[in-house]
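Chains A and B supply the protein sequences, listed in that same order. Numbering (the numbering used here) for the first sequence: 1 to 304. Numbering (the numbering used here) for the second sequence: 305 to 544. Yeah, the Cβ is synthetic: ideal placement off N, Cα and C, and Gly gets one too. Worksheet: one structure, shown below.
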Amino acid sequence: MSVLELANTSRWYGNVVAVNDVSMRIGPGVTGLLGPNGAGKTTLIAMMSGFLAPSAGTVTLDGDPVWANVSIYRSIGLVPEREASFGYLSGRQFVRANAELHKLSAPGAATDRALDIVEMAEPADRLISTYSKGMRQRIKLAAALVHDPSVLLLDEPFNGVDPRQRMHLMELLTRMGGEGRTVLFSSHILEEVEQIARHIEVVVSGRHAASGDFGAIRRLMTDRPNVYLVRSSDDRRLATVLMGADSVSGVQLEPRGGVQVQVTDFGAFALALPRLAQEHRISLREVTPTDESLESVFAYLVSA
Amino acid sequence: MNATISRLALQSLFGQKRWWVLIALPLLQIGLAVLVRVLSGGETGGAFEPVLVVFGLGLVLPLVALLVTTGVLGPEIDDGSIVYLLSKPISRYVVALSKLLVAVVVTVVLGAGSLVVAGLILEPSEPGQALAVGIGAAVAGTAYCAAFVMLSAISRHGMVVGLIYVLVFEGLLASWLAGLRYLSVSAFGRRIAGSLDSALEPIAGNLPLGYAWIASLVVLAAGCYVAGRRLSRFQLRGDE
């Protein structure tokens, strides 16, 4: 059981603040680090894995600082986003080298075990340069798992991995978390994080925007005010009617046709819109959420 | 020292298509010796210095050292994949020394080795002379590796700075400004080679012999320290 703790951690490069006063506690189980690209996820993982000194604050693993402390790697397995440029090695050679570097007493057995876990035993004797993206991701995971670490840090592990291999990776991480390991992975895709992480930490523009179990984060994201564009047979009448609904806080006629509707309660609006349209004999042609982009979701979380 | 790190460094040098670049220069050195011998019909007396000292010690050896040293440490740091080696409970100084050791051994085998072979081809009757050049080249090659490690720690363009050091500083300036020989690795090598065989005295220059040895050791020690420090301060930066 290992706990990674960040206390008022900041990191800046010159005038650019990459991580701004983040405090979080990552315990056993799967934690998702969610945020748009450029939010500081890689910087956070680099600090958690001892590859970046915090400019302020501390990062500790079970109370010991991780920066400039190579002994932490006995309990940390790191899967960086970057490709391993060891294409001239076979998968087995690469994993075995990692086992040897950990000075394991039986590196061969540990290598076989790690290859089995990620189901890479069969192609393990091929050169890494011949692997697909998903296979490379799995061999990196095997290398990180070879010493049976209690903490596993993965930077964007699902990027570019095909759906079948993604499923497999997700099952693996879930299993690792279930075994009591502290598993943290970063992603910019909510659906990915939601599927396997029991706990989610959201970072936006270097700030810690939200923290909680996936249900709480999901509610935060769906309960926010939404804007929809509705096209209908009679936009002006629809606007009048919608303004009377409790779930709507504002309407605006669009110059190019359609009504822009600001909605406070998504669930109630979804029920009210078709009912009102039918009552007033207005036919709906199009209902589009206009700000469903992840960035707007994150922007809302930051302001909340 | 860590055997796995050294083995991986060797594999990275020779496991990729770069290996032929590494052996091209030593082959050129040996080929030149063969050519000179064939064309001069065995009368190679005057060719020893230009072929072995000017071309070999002055150009082939430092270029081999530069290619090997930047190949062993540079790419993995640049593309960040060195984190796979550094995320282990091993002192970063051990990682750096294990890699530097590989660079030194490969440089000595390929660089100094090809000089010995070329020397034996040119002067088969004077094996002592070839060996003396080989020892001088081994010391200079070791110092070159350490020097290039330092240069690439100071500058992102270690390869270019190394080339400038070899071609401009040593090749051009040090031949005009005698004082610069105190900072020229090549001059250390020549002085040490010159002290080992009386026939080589003309190439030795007037550098104090003790200075040549001590300066080589100082460069080596500094290179080890700088490389270890660079890895222990290594920071993984995101693309963001």
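Distance CB(residue i)-CB(residue j) smaller than 8 Å
{"i": "Thr43 of chain A", "j": "Leu52 of chain A", "result": "yes"}
{"i": "Val227 of chain A", "j": "Leu284 of chain A", "result": "no"}
{"i": "Gly87 of chain A", "j": "Leu127 of chain A", "result": "yes"}
{"i": "Gly462 of chain B", "j": "Leu471 of chain B", "result": "no"}
{"i": "Gly202 of chain A", "j": "Ile217 of chain A", "result": "The displayed chain sequence assigns Val, not Gly, to residue 202 of chain A. Yes, they are a contact pair."}
{"i": "Thr182 of chain A", "j": "Ile196 of chain A", "result": "no"}
{"i": "Leu17 of chain A", "j": "Ser23 of chain A", "result": "Here residue 17 of chain A is Val; the residue named in the question, Leu, does not match the sequence. In this structure, Ser23 of chain A does not lie closer than 8 Å to Val17 of chain A by Cβ."}
{"i": "Ala531 of chain B", "j": "Val453 of chain B", "result": "yes"}
{"i": "Val364 of chain B", "j": "Ser310 of chain B", "result": "no"}
{"i": "Ala337 of chain B", "j": "Ile439 of chain B", "result": "no"}
{"i": "Glu191 of chain A", "j": "Phe214 of chain A", "result": "no"}
{"i": "Pro149 of chain A", "j": "Met135 of chain A", "result": "no"}
{"i": "Ile305 of chain A", "j": "Leu238 of chain A", "result": "Any property of residue 305 of chain A remains undetermined from this structure, which presents chain A solely from 1 to 304."}
{"i": "Met1 of chain A", "j": "Pro28 of chain A", "result": "yes"}
{"i": "Gln262 of chain A", "j": "Gly244 of chain A", "result": "no"}
6 Å Cβ shell around residue i - same chain, five flanking residues per side excluded
{"i": "Leu317 of chain B", "result": "Gly375"}
{"i": "Glu544 of chain B", "result": "Unreliable positioning characterises Glu544 of chain B in this predicted model, as indicated by a pLDDT of 40, which lies under 50. A coordinate reading is not provided."}
{"i": "Gln252 of chain A", "result": "Gln260"}
{"i": "Val412 of chain B", "result": "Ala442 and Gly445"}
{"i": "Glu81 of chain A", "result": "Asp155 and Glu156"}
{"i": "Val66 of chain A", "result": "Gly50, Val59 and Ile72"}
{"i": "Ala114 of chain A", "result": "Val95, Ala142, Leu145 and Val146"}
Sequence-distant residues of the same chain with beta carbon closer than 7 Å to residue i, five excluded per side
{"i": "Thr111 of chain A", "result": "Arg92, Val95, Arg96, Ala99 and Val146"}
{"i": "Leu540 of chain B", "result": "Gly384 and Val387"}
{"i": "Arg495 of chain B", "result": "Ala508, Gly509, Leu511, Leu513 and Ala516"}
Presumed contact (8 Å Cβ cut-off) between residue i and residue j, rounded CB distance
{"i": "Met34 of chain A", "j": "Ser187 of chain A", "result": "It should be pointed out that residue 34 of chain A corresponds to Leu in this sequence rather than to Met. Contact flag correct, Cβ pair sits at about 6 Å."}
{"i": "Leu415 of chain B", "j": "Ala441 of chain B", "result": "Here residue 415 of chain B is Gly; the residue named in the question, Leu, does not match the sequence. Confirmed, about 6 Å."}
{"i": "Ile200 of chain A", "j": "Val151 of chain A", "result": "Not quite, the Cβ-Cβ distance comes to about 18 Å (not below 8 Å), so this is no contact."}
{"i": "Arg166 of chain A", "j": "Phe158 of chain A", "result": "5 Å"}
{"i": "Leu405 of chain B", "j": "Val368 of chain B", "result": "No, Leu405 of chain B and Val368 of chain B are not in contact; Cβ-Cβ is about 16 Å, not under 8 Å."}
{"i": "Leu361 of chain B", "j": "Gly493 of chain B", "result": "6 Å"}
{"i": "Ala144 of chain A", "j": "Val79 of chain A", "result": "5 Å"}
{"i": "Ala450 of chain B", "j": "Ala526 of chain B", "result": "7 Å"}
{"i": "Leu308 of chain A", "j": "Thr308 of chain B", "result": "No statement about residue 308 of chain A is possible, as the shown extent of chain A runs from 1 to 304 and does not include it."}
{"i": "Ser536 of chain B", "j": "Ala68 of chain A", "result": "7 Å"}
{"i": "Leu477 of chain B", "j": "Leu467 of chain B", "result": "Not quite, the Cβ-Cβ distance comes to about 14 Å (not below 8 Å), so this is no contact."}
{"i": "Ala447 of chain B", "j": "Val523 of chain B", "result": "4 Å"}
{"i": "Gly32 of chain A", "j": "Phe269 of chain A", "result": "Incorrect: roughly 29 Å between the Cβ atoms, too far for contact."}
{"i": "Arg396 of chain B", "j": "Val70 of chain A", "result": "7 Å"}
C-alpha distance - residue i paired with residue j, whole-angstrom precision
{"i": "Leu370 of chain B", "j": "Ser55 of chain A", "result": "35 Å"}
{"i": "Ser305 of chain A", "j": "Ala84 of chain A", "result": "It is not possible to answer for residue 305 of chain A, since the shown part of chain A is limited to 1 through 304."}
{"i": "Pro428 of chain B", "j": "Arg533 of chain B", "result": "45 Å"}
{"i": "Ala313 of chain B", "j": "Lys403 of chain B", "result": "6 Å"}
{"i": "Val399 of chain B", "j": "Gly423 of chain B", "result": "35 Å"}
{"i": "Val443 of chain B", "j": "Ser520 of chain B", "result": "7 Å"}
{"i": "Trp480 of chain B", "j": "Ser490 of chain B", "result": "15 Å"}
{"i": "Gly498 of chain B", "j": "Lys41 of chain A", "result": "59 Å"}
{"i": "Arg207 of chain A", "j": "Gly267 of chain A", "result": "29 Å"}
{"i": "Val420 of chain B", "j": "Glu353 of chain B", "result": "13 Å"}
{"i": "Pro379 of chain B", "j": "Ser385 of chain B", "result": "8 Å"}
{"i": "Thr290 of chain A", "j": "Trp323 of chain B", "result": "56 Å"}
{"i": "Lys321 of chain B", "j": "Leu390 of chain B", "result": "25 Å"}
{"i": "Ile458 of chain B", "j": "Tyr529 of chain B", "result": "13 Å"}
{"i": "Leu513 of chain B", "j": "Gly63 of chain A", "result": "54 Å"}
{"i": "Gly212 of chain A", "j": "Val30 of chain A", "result": "12 Å"}
{"i": "Asp501 of chain B", "j": "Ser488 of chain B", "result": "21 Å"}
{"i": "Ser129 of chain A", "j": "Leu401 of chain B", "result": "28 Å"}
{"i": "Arg74 of chain A", "j": "Tyr131 of chain A", "result": "28 Å"}
Identified DSSP bridge partners for residue i
{"i": "Met24 of chain A", "result": "A:Leu6"}
{"i": "Val118 of chain A", "result": "Answer by DSSP bridge pairing: none, since Val118 of chain A is not bridged."}
{"i": "His280 of chain A", "result": "Partner(s): none; His280 of chain A has no beta bridge."}
{"i": "Ile76 of chain A", "result": "A:Val151"}
{"i": "Tyr529 of chain B", "result": "DSSP output for Tyr529 of chain B lists no bridge partner at all."}
{"i": "Pro65 of chain A", "result": "A:Thr60"}
{"i": "Tyr13 of chain A", "result": "A:Val16"}
{"i": "Glu286 of chain A", "result": "A:Arg231"}
{"i": "Asp213 of chain A", "result": "A:His199"}
{"i": "Asn226 of chain A", "result": "A:Val263"}
{"i": "Phe473 of chain B", "result": "None, per the DSSP bridge assignment."}
{"i": "Gly250 of chain A", "result": "A:Gln262"}
{"i": "Phe185 of chain A", "result": "A:Gly32 and A:Leu154"}
{"i": "Val204 of chain A", "result": "A:Arg207"}
{"i": "Ser391 of chain B", "result": "Beta-bridge pairing links Ser391 of chain B to no other residue."}
Same chain, Cβ closer than 8 Å to residue i, five either side skipped, listed in chain order
{"i": "Tyr486 of chain B", "result": "Leu511, Tyr515 and Ala519"}
{"i": "Val325 of chain B", "result": "Leu371"}
{"i": "Phe359 of chain B", "result": "Gln333 and Leu336"}
{"i": "Asp125 of chain A", "result": "Ser90, Gly91 and Arg92"}
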